[in-house]
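S.K.: Residue numbers (the working numbering): 25 to 461.
Beta carbons are placed, not taken as given, at the ideal position from N, Cα and C, and that holds for glycine.
Sending over a structure as structure tokens; questions will come in a sec.
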Ligand code: B12
């Protein structure tokens, strides 16, 4: 059997910087999955920069739209859907992060083998998918379990959750035929026409049944901020995604008043601030911090460096508070760790949502003990930091990040390579200074 073909479909609005950042994080977390085409419509204030970002990443695989007709989401999505040719469609919801990109292809292959119509790819944590769709007809499989959702077992399923459970939800991978059926159905629209919510099929719209439904065994995706009625399930609640912004900035709409200068009210923030915690008394960047910074640079991750040798601790807090990063990374040796822990504690109080990552020689020496030593630290990276830090920020599955230790030991990374001394590449400066080749 030929491998299943897949289109990633999305039609979203990015009106705040936070939404734009989330879309980027979401994209980077699953961009390498095997998909023929990305058919994406972007609306809102950040549509141009978001489009450029996706174009740079996807090249000719991207069909980019900037449709915003007065007729609304369904009208524009139908125009886009006409160009979908693949067997399956992945409805991308831009504030969900992929935790297991490695499992998408095998799961899709199993969907194809079992001729399944759809699979809901998110809200699996704490057994949510089971709790919603649990019934006696479930058949166990390799990457997924499945069952036939019929008119006769629908009442049993609907009793699982107060208010009922949707027959089709946006966060799904589905056959193109089902996607088109939902999109082109002449249904009653309830939600504002610029939103996608009417795509979700309500418990009583049984004309869509029967459906062969897959339940993923792995947590393929997780919502960044939505606990979906089960506290502790979103990535922010689990401390796995930075709680940068809540409220008005996130829910901003195009009609929201802008600042007096006409520029958007949000400034551009670095994703991470690297603190040079090597307290040498001179403003020279240690090789380790510089290597990590270069890796961030290469991965085009927006970062800033803050040096304790230049800025006193009290001012560091003020400076970083203004920068409002999602992550703070600090490299330290053991002899200076007490002062650095105190600094991190103060920073965590000033920026409660920030994720703190500790690296450098003390991380190599102390490993997991650091979580006891300093409650502010969320992750420790033992050994070489370049690949691990970039992976963590790009949403690579935590288990695949070398040398990563998490407060939750079940999320620890795969391996830990300890650093050995590397000679700096001084060839160029020697020839520049001496004139020798
Ligand atoms: C060169 C060197 C020095 C130089 C420069 C130090 C500097 N500030 O850069 C000098 C001679 C000044 C020096 C002095 C000292 N050193 Co010294 N030094 C080294 C040495 C030989 C190499 C360091 C290096 O550049 N490595 C190459 C870089 C690329 O690797 P790295 O620093 O480990 O960084 C990687 C990771 O740690 C990680 N990482 C680093 N920072 C961060 C930050 C984040 C956020 C993340 C995620 C990851 C991360 O990613 C980096 C890239 O892969 C190491 C031994 C070694 N083999 O590593 C000892 C070593 C670092 N020094 C050590 C010590 C104890 C000292 C002194 C305290 C000795 C003394 N009693 O005076 C002083 C401290 C001086 C001071 N105030 O800083 C110890 C530290 C032990 C510990 N547990 O803290 C080491 C490990 C030697 C040892 N085995 O005992 N040192």
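Runs of 3 residues minimum, wholly inside the segment 374-409: which ones carry the beta strand (DSSP E) assignment?
M.R.: Counting whole runs of 3 or more residues, the segment 374-409 contains the beta strand (DSSP E) stretches 379-383 and 403-405.
S.K.: Identify whether residue 99 lies in helix, strand or coil by the three-state DSSP scheme.
M.R.: Translated into positions along the chain shown, residue 99 becomes position 75. It is helical.
S.K.: May I have the straight-line CA-CA distance separating residue 29 from residue 196, to the nearest angstrom?
M.R.: Counting from one through the chain shown, the residue named residue 29 turns up at place 5. Counting from one through the chain shown, the residue named residue 196 turns up at place 172. Cα-Cα distance, rounded: 15 Å.
S.K.: Can you have a look at residue 210 and say buried or exposed, based on whether 16 or more other CB atoms are within 10 angstroms of its CB?
M.R.: Your numbering for residue 210 matches position 186 in the chain shown. Classification for residue 210: exposed.
S.K.: Got a sec? Which residues, its chain only, sit under 6 Å from residue 192 by beta carbon, not counting five neighbours each side?
M.R.: For the purposes of this step, residue 192 is identified with residue 168 of the chain shown, where counting begins at 1. So the qualifying residues of the chain are 206 and 225.
S.K.: Starting from the C-beta of residue 278, find all residues in its chain whose C-beta is less than 7 Å away, skip the five residues before and the five after it, and write them out in chain order.
M.R.: The count along the chain shown starts at 1 and reaches residue 278 at position 254. Only weak support is given to the placement of residue 278: the predicted model assigns it a pLDDT of 28, under 50, and the value that follows is read from those uncertain coordinates. 39, 68 and 69, listed in sequence order.
S.K.: Kindly examine the ligand B12 and report whether one of its heavy atoms sits closer than 8 Å to the Cβ of residue 349.
M.R.: On the chain shown, residue 349 is found 325 positions in, with the first residue counted as 1. Answer for residue 349: no, Cβ out of range of the ligand B12.
S.K.: Take residue 291 and list the residues in its own chain whose beta-carbon comes closer than 6 Å to its own, dropping the five residues that flank it on each side.
M.R.: Taking the first residue of the chain shown as position 1, residue 291 is located at position 267. Residue placement at residue 291 is flagged as unreliable, the pLDDT there being 37, under the threshold of 50; the coordinate-derived value follows with that caveat. Counting only Cβ-Cβ distances below 6 Å, and skipping sequence neighbours, we find nothing.
S.K.: Does at least one heavy atom of the ligand B12 sit under 8 Å from the Cβ of residue 302?
M.R.: Locating residue 302 in the chain shown gives position 278, counting from the first residue. Yes, the beta carbon of residue 302 sits closer than 8 Å to at least one heavy atom of the ligand B12.
S.K.: Since residue 360 and residue 301 should fall inside the 8 Å C-beta cutoff, what is the C-beta to C-beta distance between them, to a whole number of angstroms?
M.R.: For the purposes of this step, residue 360 is taken as the residue at position 336 of the chain shown. For the purposes of this step, residue 301 is taken as the residue at position 277 of the chain shown. Residue 360 to residue 301, Cβ: 6 Å. Contact.
S.K.: Three or more beta-carbon pairs under 8 Å between the segment 129-138 and the segment 156-175, yes or no?
M.R.: Result yes; three or more Cβ-Cβ pairs closer than 8 Å.
S.K.: Can you tell which of 213, 173 and 218 has the C-alpha that lies nearest to the C-alpha of residue 231?
M.R.: Position 207 of the chain shown, counting from 1, holds the residue named residue 231. Checked all of 213, 173 and 218; the closest Cα to residue 231 is 173.
S.K.: Count Cβ pairs between the segment 240-255 and the segment 96-103 that sit closer than 8 Å; are there 3 or more?
M.R.: Verdict: no, contact absent.
S.K.: If you draw a straight line from the C-alpha of residue 336 to the C-alpha of residue 122, how long is it?
M.R.: Reading the chain shown from its first residue, position 312 is the one you call residue 336. Reading the chain shown from its first residue, position 98 is the one you call residue 122. Roughly 39 Å between the two C-alpha positions.
S.K.: List the DSSP bridge partners of residue 121.
M.R.: Taking the first residue of the chain shown as 1, we reach residue 121 at position 97. Looking at the DSSP assignment, residue 121 forms a beta bridge with 246.
S.K.: Anyone know if the C-beta pair for residue 436 and residue 423 falls short of 9 Å?
M.R.: By 1-based counting over the chain shown, the position of residue 436 is 412. By 1-based counting over the chain shown, the position of residue 423 is 399. Cβ atoms of residue 436 and residue 423: closer than 9 Å.
S.K.: Do residue 380 and residue 352 count as a contact pair if the criterion is CB distance below 9 Å?
M.R.: Start at 1 with the first residue of the chain shown, and residue 352 comes out as number 328. Start at 1 with the first residue of the chain shown, and residue 380 comes out as number 356. Against a cut-off of 9 Å, the Cβ pair of residue 380 and residue 352 comes out as a contact.
S.K.: Residue 42 and residue 268: beta carbons closer than 9 Å?
M.R.: Numbered from its first residue, the chain shown carries residue 42 at position 18. Numbered from its first residue, the chain shown carries residue 268 at position 244. Yes; because the gap between Cβ atoms is below 9 Å, this pair is in contact.
S.K.: If you run the structure through DSSP and keep just helix, strand and coil, what is residue 308?
M.R.: In the chain shown, residue 308 corresponds to position 284, counting from 1. Coil at residue 308, not helix or strand.
S.K.: Check whether the Cβ of residue 25 lies closer than 8 Å to any heavy atom of the ligand B12, and answer yes or no.
M.R.: Along the chain shown, read from residue 1 onward, the residue named residue 25 stands at position 1. Residue 25 Cβ: outside cutoff for every heavy atom of the ligand B12.
S.K.: Within the same chain, show all residues whose beta-carbon is closer than 7 Å to that of residue 341, passing over the 5 residues directly before and after it, in chain order.
M.R.: The residue given as residue 341 occupies position 317 in the chain shown. Closer than 7 Å at Cβ, skipping near neighbours: 370, 371 and 374.
S.K.: Can you give the Cα-Cα distance for residue 93 and residue 385, rounded to whole angstroms?
M.R.: Here residue 93 refers to the residue found at position 69 of the chain shown. Here residue 385 refers to the residue found at position 361 of the chain shown. Distance between the alpha carbons of residue 93 and residue 385: 56 Å.
S.K.: Can you tell me whether residue 49 is helix, strand or coil according to DSSP?
M.R.: Here residue 49 corresponds to residue number 25 of the chain shown, with the count starting at 1. In this structure, residue 49 counts as helix in the three-state DSSP scheme.
S.K.: Please return the same chain residues whose Cβ sits closer than 7 Å to the Cβ of residue 118, not counting the five positions on each side in sequence.
M.R.: By one-based count along the chain shown, residue 118 stands at place 94. The answer, listed in chain order, is 34, 36, 46, 47 and 50.
S.K.: Work out the CA separation of residue 152 and residue 234 for me, nearest whole Å.
M.R.: The count along the chain shown starts at 1 and reaches residue 234 at position 210. The count along the chain shown starts at 1 and reaches residue 152 at position 128. Near 22 Å, if we compare the C-alpha coordinates of residue 152 and residue 234.
S.K.: Using a Cβ-based criterion (distance less than 8 Å to any ligand heavy atom), does residue 381 qualify as near the ligand B12?
M.R.: Against the chain shown, residue 381 aligns to sequence position 357. It does: the Cβ of residue 381 is within 8 Å (strictly closer) of some heavy atom of the ligand B12.
S.K.: Is residue 310 near the ligand B12, with its Cβ less than 8 Å from a heavy atom?
M.R.: Position 286 of the chain shown holds residue 310. At least one heavy atom of the ligand B12 is nearer than 8 Å to the Cβ of residue 310, so yes.
S.K.: What's the gap between the Cα of residue 114 and the Cα of residue 399?
M.R.: As a first step, residue 114 must be located in the chain shown, where it is residue number 90. As a first step, residue 399 must be located in the chain shown, where it is residue number 375. Rounded to the nearest angstrom, the two C-alpha atoms are 39 Å apart.
S.K.: Which whole-angstrom value describes the C-beta separation of residue 202 and residue 142, a residue pair presumed to lie in contact below a C-beta threshold of 8 Å?
M.R.: Your numbering for residue 202 matches position 178 in the chain shown. Your numbering for residue 142 matches position 118 in the chain shown. Indeed they touch by this definition, with Cβ atoms about 6 Å apart.
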